[in-house]
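K.L.:
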Amino acid sequence: MQNETKKCQNCKKDFTIETEDFNFYEKIKVPPPTFCPECRNQRRMSWRGERPLYKRPCSLCSQNRFYNNIPSY
Numbered sequence: 042m043q044n045e046t047k048k049c050q051n052c053k054k055d056f057t058i059e060t061e062d063f064n065f066y067e068k069i070k071v072p073p074p075t076f077c078p079e080c081r082n083q084r085r086m087s088w089r090g091e092r093p094l095y096k097r098p099c100s101l102c103s104q105n106r107f108y109n110n111i112p113s114y
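Reminder that position 59 of the sequence shown reads as 100 in the working numbering, one-by-one numbering, no gaps.
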């Protein structure tokens, strides 16, 4: 199978699927992508849970820092 150019369903840009990628998709028995790599990444990141950051002084140097755990005062 050769490289194939497809049009993204989301942004309508052309993108290329390489032969090695087709072989991989056949191996794991999934259809080839219909979204370009940028749109696929954007969809993946939309499901990613963001963590809240908390500002508090560092216990060693007393400078304000950002931490991802809830401060216990």
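C-beta: ideal position from N, C-alpha, C; glycine also. Just so it is clear, the structure is predicted and the values come from calculations on it, not from any experiment.
1) Between Val71, Gln43, Glu67, Asn110, which lies nearest to Arg92 when the distance is taken from Cα to Cα?
2) Counting only runs of 4+ residues fully inside the segment 55-109, write out the alpha helix (DSSP H) ranges in chain order.
3) Out of Thr46, Cys52, Tyr66, which has the shortest C-alpha to C-alpha gap to Gln83?
4) Residues in its own chain within less than 7 Å of Pro78 by CB, not counting five upstream and five downstream?
5) Enumerate in chain order the residues of its own chain whose CB-to-CB distance from Gln43 is below 7 Å, with the five nearest sequence positions on each side excluded.
6) Taking only three categories from DSSP, how would you classify Lys47?
7) CB-CB under 7 Å to Val71, same chain, minus the five flanking residues each way: which ones, in chain order?
P.N.:
In terms of the structure at hand:
1) Asn110
2) 60-68, 78-87
3) Distances from the CA of Gln83 to each of Thr46, Cys52, Tyr66 were compared; the closest alpha carbon is that of Cys52.
4) Phe56
5) Thr60, listed in sequence order.
6) strand
7) none
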